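**Student:** Chains H and S, in that order, give the protein sequences. Residues 1 to 647 in the working numbering are what the first sequence spells out, letter by letter. Residues 648 to 1294 in the working numbering are what the second sequence spells out, letter by letter. C-beta atoms are modelled at their ideal positions from N, C-alpha and C, and glycine is treated no differently. All of these numbers come straight from a predicted model, not from anything done at the bench.
There are 2 protein chains.
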Amino acid sequence: MNLTLYRGFRSPSLDASVRKLIEDYCRVARGDILHMTTLAGSGHPGGSMSSIEMFMTLFLLARVTPDDPFNEERDRIVVSHGHTSPGVYAALGRLGFFPIDQAIAFFRKAGSPFEGHIERNLPGVEWSTGNLGQGLSAGCGFALAARCFERDFNVYVVMGDGEQQKGQISEARRFAVKYGLTNITALVDYNRLQISGNISEVMPQNIAENFRSDGWKVLEVNGHSVDEIYGALHQATTDDSAPYVVIAHTTMGKGVSFMENEYEYHGKALPEDLFVKALEELGLENKLDHYRQMREKGVCTYVPPKRPEREIKIDTGEPRTYEPDVKTDNRSAFGNALSDMAEINACGRETPIAVFDCDLAGSVKTEKFSRLCPHRFFESGIQEHHTAVAAGALSTTGVLTFFADFGVFGICETYNQHRLNDINEANLKLICTHLGIDVGEDGKTHQCIDYLGLLRNLFGFRVIIPADPNQTDRAVRFVAGRRGNFMVGMGRSKVPVITDEEGKPLFGGDYTFTPGKADLVRDGDRGAIFSYGGMLHRAVKAWEILRDRGIRVKVYNLATPLEVDVDAVREAAGTGLIVTYEDHNVRTGLGNCLADVIATEGIGPVRLIKMGVTEYGGSGKPDELFQDLGLAPEELARTVEEALKGS
Amino acid sequence: MNLTLYRGFRSPSLDASVRKLIEDYCRVARGDILHMTTLAGSGHPGGSMSSIEMFMTLFLLARVTPDDPFNEERDRIVVSHGHTSPGVYAALGRLGFFPIDQAIAFFRKAGSPFEGHIERNLPGVEWSTGNLGQGLSAGCGFALAARCFERDFNVYVVMGDGEQQKGQISEARRFAVKYGLTNITALVDYNRLQISGNISEVMPQNIAENFRSDGWKVLEVNGHSVDEIYGALHQATTDDSAPYVVIAHTTMGKGVSFMENEYEYHGKALPEDLFVKALEELGLENKLDHYRQMREKGVCTYVPPKRPEREIKIDTGEPRTYEPDVKTDNRSAFGNALSDMAEINACGRETPIAVFDCDLAGSVKTEKFSRLCPHRFFESGIQEHHTAVAAGALSTTGVLTFFADFGVFGICETYNQHRLNDINEANLKLICTHLGIDVGEDGKTHQCIDYLGLLRNLFGFRVIIPADPNQTDRAVRFVAGRRGNFMVGMGRSKVPVITDEEGKPLFGGDYTFTPGKADLVRDGDRGAIFSYGGMLHRAVKAWEILRDRGIRVKVYNLATPLEVDVDAVREAAGTGLIVTYEDHNVRTGLGNCLADVIATEGIGPVRLIKMGVTEYGGSGKPDELFQDLGLAPEELARTVEEALKGS
């Protein structure tokens, strides 16, 4: 059968034979869904069966094919309600994206790629989902990729109805309209049931009006009619006046009489007796024993193809050196490095450079970039949840993507979005400013004193907190040239250029940033101070106070506090005293990272004293707050002195 | 002037003399705002000046007075755009809630309560805000308090227009409509400007349609007309058919010609020359020198009154003891303890008991409570951000408030909401289930392996992870009877009752739960294992394997991993070997907590081996996943054995 005519939903209607083909696939897929879930003894059959006509129509007729599933011109299909994995696997498996038998036999089995919630490692799956409400934002990220690469692919986002309750979706809606992302079509599986019952009882919502109020066009169709689904996709794909949402009226558990409209089948598999009955109703062969044998006696042999990663080609340029007479903040150094790269690369020749902002461009210093590359600057408003996901998704497409924000918004507010970015192996460059007590007058709600404590939980996120403008410049260029998720963090205030004892910039000129390497900033033998970021210059001040009192200690800078330089710690331990000094929560900061290394590596004996933030800060000038919190340089000097007296 | 007639906005219109009074206050308040911000050299004058007529009308005529600001019958006024603190302080100060001179002189000065964003420690301020989009949710919490205590007070929530972009507000809107919280009135300061410029350019939004689409009634008024504001508040307060939003069309910087509609004054103070000009325009005396002297020469002498905390009066009942032949999960033990308390206290005689759910009642075992106390069970749908804040706010009013959810939603997704709950010194009992790798088949997006790593950053949150149904029962009753934020966490699976070597339940009968105390579960002298939660029974299994090989080690349970029992660690270190064992991220779990104590307390020498999760888990049965991740009991036994060989 020649499907070319229908690919991309360009023909206004479907031929009867194609419709029949899809319907046949759907009937078989319903059986697959039931096989998978009954075999695994868990999973979500109900929504899989209500979404299946949408899945099958999309995966068959969108411009993505099993023989070339990673083609950069392909349409992107995002399934936001990732718990409908049985439906997704049935559709993709039957259409040849991977062997259906493997998906059925090894669904939810340890070691198999056919996980309980869909994962991006499978061909056909564009985004790992499971925590609801994030799919439309990811879709926006992919839609922006089409714009950045000047391609005309479309993005289809299938969502549940219950998840429409998540506020993040309203953020994504507004973003899509602002940026005219008419290449996005959302589809809502409106089966009216969520885990706890009817959505009109659990949380009443007018989904159509919600979408209309944000400027979307709304179509309502019978979600089990392939013709209606196709017709709506045709209209949505060909009308470029607005993004469309297709509200597909469906029946949970559709196709098996006793499952229909039963909310318990949202997340419950059929027991075997009912499974037998269901297969009979569907007129399908019961192959449970066959698959059970496969599952019990074998392991999943299907290995997904490696997803090709578009190479990042960016000239990161010549680092700037800020001389000691310059007094600037690390934020500005970031902004300068960013705009340097934008200029050298003409906003990205082969690798587009994109920057996301949440109404703080002036403060996070992305304004210059926004003037240089207005078409690559995405002002997302006060919508951090959406922005974190959209930026994460875009970053996976080969666009060098920065998201710059205050720490409390870019990390604390969006931790879970970054957790899923990390699971998706994104390539995000998160720049967080206004970290620590240094944010000062804005007070405790704005003091991000937990960035290390939070990001340390994400296996794939690396963190750099540079000490001065020179190190910031080099760290920013470093992450631009490396794959993976990075957070580069900094405070708000101006900081002096860190120099060696002769007054030469320590991180300027030929200095190369190396993660995991501590820099010995000052030498001594009576003890060692470890610090980083905007506290390092205060540590140097304490060193000077101590020197004037005849006490020489080492001062180390560790710009990657989560990647501890074990050799440096051993060396420092040789002095018998280590003091860590930071404006981070003392429980979860550098001090804790060093403690972990000392205890697990068996380093010592060494006395470890952790100085850090022990309570929520107040509102005032940073130096006053440091004074109040016992974190002034004089206090650090005093602490070292006291410790040496005691020893 | 007798304001009784107008209190609570019961009269349909204002007398001219009252209007004049408010207008006069507003003129003076504008001067206060400018004094504060110019003196501090920072702050947000623009929005303060556009909101001031609303603030003054509300604080003068709502049913809350400076002489009795904590009366339980008072109307609650929540200011969601907390950066308009100068406006709030000017209004409250002029109306006598605290000395205006102190507020002006010490605005944003370290040690003063007049912080950059409003804090709940001040009379008149009901909720500390600053991170946008949370105020309406807090307002819903207060509105529920009126219902729980059968009081008829109203809640007024003033919000910015930029913050309407936050998705959480849409969640709060739906919740308010579902629960008929017509005692809430929202007011939006629609000055059309946010930090980066005009909201129609930064992020276009139809605020009125957004509210209407969720079932709110919308009024639009001139936000600088006291008559119009009052009229709208009268209509909103007296019409009980729906919650109202009053969209107040205002002018940023209103009252000073050269500040009006200038978005830079969102967050910038006037320099002194322009300040002089502004005061002249307003016809007010320039007292900057006076206040500067106060600020520079003195300290803030105003000490806010202690906010009375309503006593929690709950009979926590007799603990249940689950015998060793019972096989149940900790979730059910939580549900039983909760419903026990609901029954004994008749859903709360003096202290109402409330439970919030996000569409997971069946899984988190709050269904029995929902049947016992349907009027105290708040089904919030898939709206976790809103729910975390609403529950947090309600918990401050003297209602014993539980929020039960999966860990990934109740902690990871809502970390920042809990951060602000903590800053607000809430009294929330957060119950998180499905923690750890134990969640199994749902896969990595659902595996909350970072709950300790996250909550450890919150100074006021205490964490308990009970080992079995008996300890769960006692932990739940313990937190019900204690003030403060607690998280009680547990996995999904059934766990055996932990017994002593004679087979008697270790945490049953007379056992009293004591935070910070490790329980010695098994004894030995060759090494020590520390574990907790659903891993403890696996640690005991490893102990049995080792015993059978002739190796005796200690096994400790530490149900409060963030409150380490230092004496127990010292005792354990005496064996020379400590192994921590958990299904939590190994970087941030119990192992890390112990490492911290060992290094900072100088305990040892002792070899510390941390076993935990080192990568995102897969999807499969928990025991299979533990096997894959090297966390099976056999692997723990092997690790101990290897370590002993090496020593």
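State yes or no: is the beta carbon of residue 684 of chain H nearer than 9 Å to at least one beta carbon in chain S?
**Tutor:** Given a span of 1 to 647 for chain H in the structure shown, any question on residue 684 of chain H remains unanswerable.
**Student:** So, at 8 Å on beta carbons, what are the nonlocal neighbours of residue 253 of chain H in its own chain, with the 5 sequence-adjacent residues on each side left out?
**Tutor:** As a first step, residue 253 of chain H is located in the first sequence; it is residue number 253 there, counting from the start. Around residue 253 of chain H: 45, 46, 49, 50, 259, 260, 261, 262 and 265.
**Student:** So, helix, strand or coil for residue 149 of chain H, using DSSP?
**Tutor:** Looking up residue 149 of chain H in the first sequence gives position 149. DSSP places residue 149 of chain H in coil when its eight states are reduced to three.
**Student:** Note down the Cα distance separating residue 546 of chain H from residue 641 of chain H, rounded to an integer number of angstroms.
**Tutor:** As a first step, residue 546 of chain H must be located in the first sequence, where it is residue number 546. As a first step, residue 641 of chain H must be located in the first sequence, where it is residue number 641. Taking the straight line from one Cα to the other gives about 8 Å.
**Student:** Since residue 1255 of chain S meets chain H, which of its residues come closer than 7 Å, beta carbon to beta carbon?
**Tutor:** The residue labelled residue 1255 of chain S in the question sits at position 608 within the second sequence. Under the 7 Å cutoff, chain H gives 599 and 600.
**Student:** Quick check: the Cα distance between residue 976 of chain S and residue 1142 of chain S, rounded to an integer number of angstroms?
**Tutor:** The residue you call residue 976 of chain S lines up with position 329 of the second sequence. The residue you call residue 1142 of chain S lines up with position 495 of the second sequence. Taking the straight line from one Cα to the other gives about 6 Å.
**Student:** Taking C-beta to C-beta, are residue 1296 of chain S and residue 873 of chain S nearer than 9 Å?
**Tutor:** Outside the shown range of chain S (648 to 1294) lies residue 1296 of chain S, about which nothing can therefore be said.
**Student:** Would you mind listing the alpha helix (DSSP H) stretches within the segment 1044 to 1117 of chain S that are 4+ residues and don't spill past its ends, in chain order?
**Tutor:** List check, alpha helix (DSSP H) in window: 1062 to 1070 and 1098 to 1102.
**Student:** If you scan the segment 493 to 568 of chain H from start to end, which runs of the alpha helix (DSSP H) of 4 or more residues do you find wholly inside it?
**Tutor:** The qualifying runs are 536 to 548.
**Student:** Which of the three DSSP states, helix, strand or coil, is assigned to residue 330 of chain H?
**Tutor:** On the first sequence, residue 330 of chain H is found 330 positions in, with the first residue counted as 1. DSSP places residue 330 of chain H in helix when its eight states are reduced to three.
**Student:** So within the segment 907 to 991 of chain S, which uninterrupted beta strand (DSSP E) runs reach at least 3 residues, ignoring any that extend past its ends?
**Tutor:** Whole beta strand (DSSP E) segments, 3+ residues: 974 to 976.
**Student:** Quick check on residue 5 of chain H: buried or exposed, where buried means 16 or more other Cβ atoms within 10 Å of its Cβ?
**Tutor:** One-based indexing of the first sequence puts residue 5 of chain H at position 5. With fewer than 16 other Cβ atoms within 10 Å, it is exposed.
**Student:** Measuring straight from C-alpha to C-alpha, what distance separates residue 699 of chain S and residue 738 of chain S?
**Tutor:** Stepping through the second sequence from its first residue, residue 699 of chain S is reached at position 52. Stepping through the second sequence from its first residue, residue 738 of chain S is reached at position 91. When rounded, the distance between both Cα atoms is 7 Å.
**Student:** DSSP state of residue 249 of chain H, grouped into three classes?
**Tutor:** As a position in the first sequence, residue 249 of chain H is number 249, starting the count at 1. Three-state result, residue 249 of chain H: strand.
**Student:** With distance defined between alpha-carbon atoms, name the residue in S:730, S:849 and S:1206 nearest to residue 1163 of chain S.
**Tutor:** Translated into positions along the second sequence, residue 1163 of chain S becomes position 516. Comparing Cα-Cα distances from residue 1163 of chain S to each of S:730, S:849 and S:1206, the minimum goes to S:1206.
**Student:** Assuming the contact rule is C-beta atoms closer than 8 Å, residue 448 of chain H and residue 436 of chain H should be a hit. Round their C-beta distance to whole Å, please.
**Tutor:** To locate residue 448 of chain H, count along the first sequence from 1; it is residue 448. To locate residue 436 of chain H, count along the first sequence from 1; it is residue 436. With 8 Å as the limit, residue 448 of chain H and residue 436 of chain H qualify as a contact, their Cβ atoms being about 7 Å apart.
**Student:** Under 8 Å: do the segment 1076 to 1090 of chain S and the segment 108 to 122 of chain H share three or more Cβ pairs, one atom per stretch?
**Tutor:** Enough Cβ pairs lie closer than 8 Å, so yes.
**Student:** Would you mind working out which of H:514, H:359, H:480 and H:80 sits nearest residue 345 of chain H, comparing C-alpha positions?
**Tutor:** Taking the first sequence and counting its residues from 1, one reaches residue 345 of chain H at position 345. Nearest C-alpha to residue 345 of chain H: H:480.
**Student:** Apart from the five residues on each side of it in sequence, which residues of its chain come closer than 8 Å, Cβ to Cβ, to residue 1079 of chain S?
**Tutor:** Walking along the second sequence from the start, residue 1079 of chain S turns up at place 432. Cβ within range, chain order: 1051, 1052, 1053, 1054, 1057, 1058, 1095, 1098, 1134, 1135, 1136 and 1137.
**Student:** Leaving out five residues before and five after residue 841 of chain S in sequence, what residues of the same chain have Cβ atoms less than 6 Å from its Cβ?
**Tutor:** On the second sequence, residue 841 of chain S is found 194 positions in, with the first residue counted as 1. Excluding sequence neighbours, residue 841 of chain S sits near 809 and 849.
**Student:** What residues in its chain sit with their C-beta under 8 Å from that of residue 674 of chain S, if we drop five residues either side in the sequence?
**Tutor:** Sequence index remark: in the second sequence, residue 674 of chain S carries index 27 (1-based). 902, 929, 930 and 931.
**Student:** For the structure I just gave you, are there three or more beta carbon pairs, one from the segment 1223 to 1230 of chain S and one from the segment 1170 to 1182 of chain S, closer than 8 Å?
**Tutor:** Result yes; three or more Cβ-Cβ pairs closer than 8 Å.
**Student:** Going by Cα to Cα distance, which pick from H:384, H:474 and H:591 is closest to residue 137 of chain H?
**Tutor:** Numbered from its first residue, the first sequence carries residue 137 of chain H at position 137. Nearest of H:384, H:474 and H:591 to residue 137 of chain H, Cα basis: H:384.
**Student:** Name the chain H residues that come within less than 9 Å of residue 976 of chain S, Cβ to Cβ?
**Tutor:** Looking up residue 976 of chain S in the second sequence gives position 329. Under the 9 Å cutoff, chain H gives no residues; its nearest Cβ is about 15 Å from residue 976 of chain S.
**Student:** Let's see if you can read the secondary structure: which residues bound the alpha helix (DSSP H) around residue 34 of chain H?
**Tutor:** Within the first sequence, numbered from 1, the residue matching residue 34 of chain H stands at position 34. Per DSSP, residue 34 of chain H belongs to the alpha helix (DSSP H) from 16 to 40.
**Student:** Residue 16 of chain H: buried (16+ other C-beta within 10 angstroms of its C-beta) or exposed?
**Tutor:** In the first sequence, counting from the first residue as 1, residue 16 of chain H sits at position 16. Looking at its Cβ environment, which holds fewer than 16 other Cβ atoms inside 10 Å, residue 16 of chain H is exposed.
**Student:** Look at the Cβ atom of residue 1285 of chain S, then the Cβ atom of residue 1259 of chain S, and state whether they are nearer than 9 Å.
**Tutor:** The residue labelled residue 1285 of chain S in the question sits at position 638 within the second sequence. The residue labelled residue 1259 of chain S in the question sits at position 612 within the second sequence. No, these two residues do not count as a Cβ contact at 9 Å.
**Student:** Give the straight-line distance between the Cα atoms of residue 474 of chain H and residue 485 of chain H, rounded to the nearest whole angstrom.
**Tutor:** On the first sequence, position 474 is the one that residue 474 of chain H refers to. On the first sequence, position 485 is the one that residue 485 of chain H refers to. When rounded, the distance between both Cα atoms is 17 Å.
**Student:** Classify residue 210 of chain H as helix, strand or coil using the three-state DSSP reduction.
**Tutor:** Within the first sequence, the letter at position 210 stands for residue 210 of chain H. Residue 210 of chain H: helix per DSSP, three-state reduction.
**Student:** Report yes or no: is there a C-beta of chain H within less than 9 Å of the C-beta of residue 860 of chain S?
**Tutor:** Walking along the second sequence from the start, residue 860 of chain S turns up at place 213. Output row for residue 860 of chain S: interface = yes.
**Student:** Beta carbons nearer than 7 Å to chain S: which residues of the segment 443 to 456 of chain H have them?
**Tutor:** Flagged, chain order: 443, 444, 445, 446, 450, 453, 454 and 456.
**Student:** Are the C-beta atoms of residue 734 of chain S and some chain H residue less than 9 Å apart?
**Tutor:** Taking the second sequence and counting its residues from 1, the one referred to as residue 734 of chain S is at position 87. So, not an interface residue.
**Student:** Helix or strand or just coil, what does DSSP make of residue 73 of chain H?
**Tutor:** Sequence index remark: in the first sequence, residue 73 of chain H carries index 73 (1-based). Residue 73 of chain H: coil per DSSP, three-state reduction.
**Student:** Compute the Euclidean distance between the alpha carbons of residue 277 of chain H and residue 160 of chain H, then round it to the nearest angstrom.
**Tutor:** The count along the first sequence starts at 1 and reaches residue 277 of chain H at position 277. The count along the first sequence starts at 1 and reaches residue 160 of chain H at position 160. So the alpha carbons of these two residues sit roughly 27 Å apart.
**Student:** Is it buried or exposed, residue 375 of chain H, if we count other Cβ atoms within 10 angstroms and call 16 or more buried?
**Tutor:** Within the first sequence, residue 375 of chain H is the residue found at index 375, counting from 1. Residue 375 of chain H comes out exposed.
**Student:** Quick one: using the 10 Å Cβ neighbour count with 16 as the cut-off for buried, is residue 124 of chain H buried or exposed?
**Tutor:** Counting from one through the first sequence, the residue named residue 124 of chain H turns up at place 124. Residue 124 of chain H should be labelled buried.
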